[in-house]
Amino acid sequence: MTQQRVYYLLTAVSGFLFTFAFTLLLVFHVRVAGLSPVQLVLVGTVMEITFILGEVPTGVLADVRSRTLSVQLGLILIGLSLLLQGSLPVFGWILAAQVVWAIGYTFTSGAIEAWIADEVGEERLTHVFLRGRRCELTAMILGSLAAGVAGVLDLRLPMLLAGAGYVVLALVLMALMREPGFTPAAADGRLTFGQMRDTLTAGLRQARRRPLVRSFLLISLLAGLSGEAFDRLWTAHVLNSFTLPPTFGTTSPAAWFAAFAIVGQLIGLGANYAVERAGLTGNAHPAALLAVLTLLQVAGMAGLALAGSLWPAIGALWARDAARALAGPLESAWLNRGIDSSSRATVLSVNSQFDAIGQVAGGPPLGALAGRTSIPVALLCSAGLLAPVAVIFARLGRRANPT
């Protein structure tokens, strides 16, 4: 099996498992664990602090030693975290599980993109990332459907089954993943602090000196400031503000939230096909398209906060999620083309770390604001924090050589 096909397998299976576990996670936090708005945001904040501490060291390890090993170890830790959380739905254990999950995620963050970029070449990255995202979205639809069925039986069941699935996926990838296009700094198999220091220094030098990388760091920071509270609070907003009618003979919110996720993923999948077929992704620097997609996300976030009834609110959420799903692979391909292979995972981890810093800085204040005023007020503030990203993309588009 070619490594490109292994990448599609990885994105599809991990996409299925992710949505299987996380489609109803916030419903689980609200209905089973009984978390308050502040606790919901605190869970995310603890996770993001762990990201900050772990992102760069794990990115350096991926560059120095092995990106495939980093991915496999990360998947195992993610699986164990889900098993822990599903088994012990208590606030303290949920916090502990989020720490384990975050450590696992830092091992995969940047390493997956850096691995496949070396294996397929930079000129094919946009196509590969977009197709990988389509594989992921298709599998996510199935994952959301499975979550709805399992969640009606028990809201803990999706996490437990997905946790086991992540461990199995890691074992399968041990037999399939290869990295012939990658030359590790620790070529002799011995890992030294000097090699790690040199790789970290090279990555930070790129982040400091290259305008494109600096711009993406600011974009990630703003996206983090905006995203943490929104992602943690929108489910509680829908549950608290609107009445979900009975469906398929049940009043469980699991069926509705699974349906919301499936329709949103179908919309994102259709947008992915339409944009690539229209030739809008051929530009190596898709700044204008990314600026438009950012504005669509802002409008969707504000629309959800301001909507007075269920379906306009969910329609706004679908618009936001579709725009974000399409923007992700375009941003990844553009950034990967602008950094050196030798420290690619490190730079990508630094970029992810800025997102985590933004989430830690933005999540608690907006969570507290939701507690003092209302969740819609916090959601509107989240939308406002994302709006400057569109301006940054527009400015990048006006530069002759943004790299």
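Counting from 98, one number per residue, gives the positions in the sequence shown under this note's numbering. Just so you know, even glycine gets a beta-carbon here, dropped at the ideal spot from N, CA and C.
Checklist entry - Around the Cβ of Thr391, are there at least 16 other Cβ atoms within 10 angstroms (buried) or fewer (exposed)? => result Walking along the sequence shown from the start, residue 391 turns up at place 294. Buried.
Checklist entry - So, helix, strand or coil for Ala484, using DSSP? => result In the sequence shown, counting from the first residue as 1, residue 484 sits at position 387. The answer is coil: DSSP assigns Ala484 none of H, G, I, E or B.
Checklist entry - Can the beta-carbon of Phe327 be found closer than 8 Å to that of Ser479? => result The residue labelled residue 327 in the question sits at position 230 within the sequence shown. The residue labelled residue 479 in the question sits at position 382 within the sequence shown. Yes, the pair counts as a contact, with Cβ atoms nearer than the cut-off.
Checklist entry - Ordered along the chain, which non-local residues of its own chain (more than five positions away) have a Cβ less than 6 Å from that of Ser323? => result Translated into the one-based positions of the sequence shown, residue 323 becomes position 226. So the list reads Ser479, Leu482, Leu483, once near-sequence residues are dropped.
Next on the checklist: Considering just the uninterrupted stretch of the alpha helix (DSSP H) at Phe113, what are its terminal residues?
Outcome noted: As a first step, residue 113 must be located in the sequence shown, where it is residue number 16. Where Phe113 is concerned, the enclosing alpha helix (DSSP H) stretches over 100–119.
Checklist entry - By how many angstroms is the C-alpha of Val153 removed from the C-alpha of Thr443? => result Position 346 of the sequence shown, counting from 1, holds the residue named residue 443. Position 56 of the sequence shown, counting from 1, holds the residue named residue 153. The alpha-carbon atoms of Thr443 and Val153 are separated by roughly 6 Å.
Item to check | Counted within 10 angstroms of its Cβ, other Cβ atoms place Glu233 as buried (16 or more) or exposed | outcome: Indexing the sequence shown from 1 puts residue 233 at position 136. When all chains shown are included, Glu233 counts as buried.
Checklist entry - Do Pro426 and Arg230 have their CB atoms nearer than 8 Å? => result Within the sequence shown, residue 426 is the residue found at index 329, counting from 1. Within the sequence shown, residue 230 is the residue found at index 133, counting from 1. Closer than 8 Å, so yes.
Checklist entry - Considering only C-alpha positions, which residue in the set Phe113, Leu106, Ile146 is nearest to Gly455? => result By one-based count along the sequence shown, residue 455 stands at place 358. For the options Phe113, Leu106, Ile146, the alpha carbon positioned closest to that of Gly455 is the one of Ile146.
Next on the checklist: Between which two residues does the alpha helix (DSSP H) holding Thr203 run?
Outcome noted: Within the sequence shown, the letter at position 106 stands for residue 203. Unbroken alpha helix (DSSP H) run through Thr203: 188–205.
Checklist entry - Excluding the five sequence neighbours on either side, which residues of its own chain have a C-beta within less than 6 Å of the C-beta of Ile209, listed in chain order? => result Residue 209 sits at position 112 when you count from the first residue of the sequence shown. So the list reads Val168, once near-sequence residues are dropped.
Next on the checklist: Going by DSSP in three states, Glu220 sits in which element: helix, strand or coil?
Outcome noted: On the sequence shown, residue 220 is found 123 positions in, with the first residue counted as 1. Reduced to three states, the DSSP call for Glu220 is helix.
Next on the checklist: So, at 7 Å on beta carbons, what are the nonlocal neighbours of Asp285 in its own chain, with the 5 sequence-adjacent residues on each side left out?
Outcome noted: To locate residue 285, count along the sequence shown from 1; it is residue 188. Interpretation of Asp285 is limited by its pLDDT of 48, a score under 50 that renders its predicted location unreliable; the figure taken from the coordinates is listed afterwards. If the five residues before and after Asp285 are omitted, its C-beta is found closer than 7 Å to no C-beta atom of its own chain.
Checklist entry - Can you tell which of Leu309, Pro350, Ala396 has the C-alpha that lies nearest to the C-alpha of Leu432? => result By 1-based counting over the sequence shown, the position of residue 432 is 335. Checked all of Leu309, Pro350, Ala396; the closest Cα to Leu432 is Leu309.
Item to check | Cut-off 8 Å between Cβ atoms - residues of its own chain near Ile149, not counting five sequence neighbours on either side | outcome: Within the sequence shown, residue 149 is the residue found at index 52, counting from 1. These residues qualify, in order along the chain: Gln450, Ala453, Ile454, Val457.
Checklist entry - On the premise that Trp415 lies in contact with Ile359, defined as a C-beta separation below 8 Å, what is that separation, rounded to the nearest angstrom? => result For the purposes of this step, residue 359 is taken as residue 262 along the sequence shown, with counting starting at 1. For the purposes of this step, residue 415 is taken as residue 318 along the sequence shown, with counting starting at 1. Their Cβ separation, rounded to whole angstroms, is 11 Å, which puts Ile359 and Trp415 out of contact at 8 Å.
Item to check | CB-CB length for Val124 against Gly464, believed under 8 Å | outcome: Translated into positions along the sequence shown, residue 124 becomes position 27. Translated into positions along the sequence shown, residue 464 becomes position 367. With 8 Å as the limit, Val124 and Gly464 do not qualify as a contact, their Cβ atoms being about 18 Å apart.
Checklist entry - Can you name the start and end residues of the alpha helix (DSSP H) that Thr332 belongs to? => result The count along the sequence shown starts at 1 and reaches residue 332 at position 235. Looking at the DSSP string, the run of the alpha helix (DSSP H) that includes Thr332 is 308–338.
Item to check | Inter-stretch contact at 8 Å, needing at least 3 Cβ pairs: the segment 246–257 / the segment 175–190 | outcome: yes
Checklist entry - Taking buried to mean at least 16 other C-beta atoms within 10 Å of its own C-beta, is Asn337 buried or exposed? => result Residue numbering aside, residue 337 sits at position 240 when the sequence shown is read from its first letter. Exposed.
Checklist entry - Taking the C-alpha atoms as reference points, what is the distance between Val389 and Phe119? => result Along the sequence shown, one-based indexing puts residue 389 at 292. Along the sequence shown, one-based indexing puts residue 119 at 22. Answer to the nearest angstrom: the Cα atoms are 28 Å apart.
Checklist entry - DSSP on Ala130, reduced to helix/strand/coil? => result Position 33 of the sequence shown, counting from 1, holds the residue named residue 130. Note: Ala130 maps to coil in three-state DSSP.
Checklist entry - In chain order, what residues of the same chain lie with their CB nearer than 8 Å to the CB of Leu314, ignoring the 5 residues before and after it? => result Position 217 of the sequence shown, counting from 1, holds the residue named residue 314. Excluding residues within five positions, the ones whose Cβ falls inside 8 Å are Ala304, Val447, Asn448, Phe451.
Checklist entry - Can you check whether the CB of Ala371 is closer than 8 Å to the CB of Ala419? => result Taking the sequence shown and counting its residues from 1, one reaches residue 419 at position 322. Taking the sequence shown and counting its residues from 1, one reaches residue 371 at position 274. For Ala419 and Ala371, no; Cβs fall outside 8 Å.
Checklist entry - How many angstroms separate the CA atom of Gly278 from the CA atom of Arg434? => result Start at 1 with the first residue of the sequence shown, and residue 278 comes out as number 181. Start at 1 with the first residue of the sequence shown, and residue 434 comes out as number 337. Take the alpha-carbon of Gly278 and the one of Arg434: they are about 16 Å apart.
Item to check | CA nearest to the CA of Val110, picked from Val269, Arg307, Ala422, Ala130 | outcome: Counting from 1 along the sequence shown, the entry for residue 110 is found at position 13. Residue Val269 is the option with its Cα nearest to Val110.
Checklist entry - Going by other Cβ atoms of all chains shown within 10 Å of its Cβ, with 16 needed for buried, is Asp215 buried or exposed? => result Position 118 of the sequence shown holds residue 215. Label assigned to Asp215: buried.
Checklist entry - Looking only at C-alpha atoms, which of Gly262, Val395, His224, Ala244 sits nearest to Leu174? => result The residue given as residue 174 occupies position 77 in the sequence shown. Measuring from the Cα of Leu174, the nearest candidate turns out to be Gly262.
Next on the checklist: Using only the alpha-carbon positions, how far apart do Leu288 and Met274 sit?
Outcome noted: Here the question's residue 288 lines up with position 191 in the sequence shown. Here the question's residue 274 lines up with position 177 in the sequence shown. Because Leu288 carries a pLDDT of 48, less than 50, the predicted location of this residue cannot be relied on, and the following value inherits that uncertainty. The alpha-carbon atoms of Leu288 and Met274 are separated by roughly 21 Å.
Item to check | Enclosing alpha helix (DSSP H) for Thr391 [first to last residue] | outcome: Stepping through the sequence shown from its first residue, residue 391 is reached at position 294. Taken as a continuous stretch (DSSP letters only), the alpha helix (DSSP H) holding Thr391 covers 384–403.
Checklist entry - What is the rounded straight-line gap between the Cα of Val192 and the Cα of Gly321? => result By one-based count along the sequence shown, residue 192 stands at place 95. By one-based count along the sequence shown, residue 321 stands at place 224. One point to set straight first is that residue 192 is Leu, not Val, in the sequence displayed. So the alpha carbons of these two residues sit roughly 20 Å apart.
Item to check | Spatially closest choice to Leu493 from Phe339, Ser349, Arg311, by CA coordinates | outcome: Stepping through the sequence shown from its first residue, residue 493 is reached at position 396. Ranking the options by Cα distance to Leu493, first place goes to Arg311.
Checklist entry - From Gln100 to Gly218, what does the alpha carbon distance come to, in whole angstroms? => result One-based indexing of the sequence shown puts residue 100 at position 3. One-based indexing of the sequence shown puts residue 218 at position 121. Taking the straight line joining both Cα atoms gives about 12 Å.
Item to check | For Gly176, the nearest candidate out of Ala199, Gly189, Thr165 (CA to CA) | outcome: Within the sequence shown, numbered from 1, the residue matching residue 176 stands at position 79. Measuring from the Cα of Gly176, the nearest candidate turns out to be Ala199.
Item to check | For Val157 and Leu166, the rounded distance between their alpha carbons | outcome: Start at 1 with the first residue of the sequence shown, and residue 166 comes out as number 69. Start at 1 with the first residue of the sequence shown, and residue 157 comes out as number 60. Taking the straight line from one Cα to the other gives about 13 Å.
Next on the checklist: Tell me the rounded alpha-carbon separation between Gly260 and Leu401.
Outcome noted: On the sequence shown, position 163 is the one that residue 260 refers to. On the sequence shown, position 304 is the one that residue 401 refers to. Using only the alpha carbons, I get a separation of about 31 Å.
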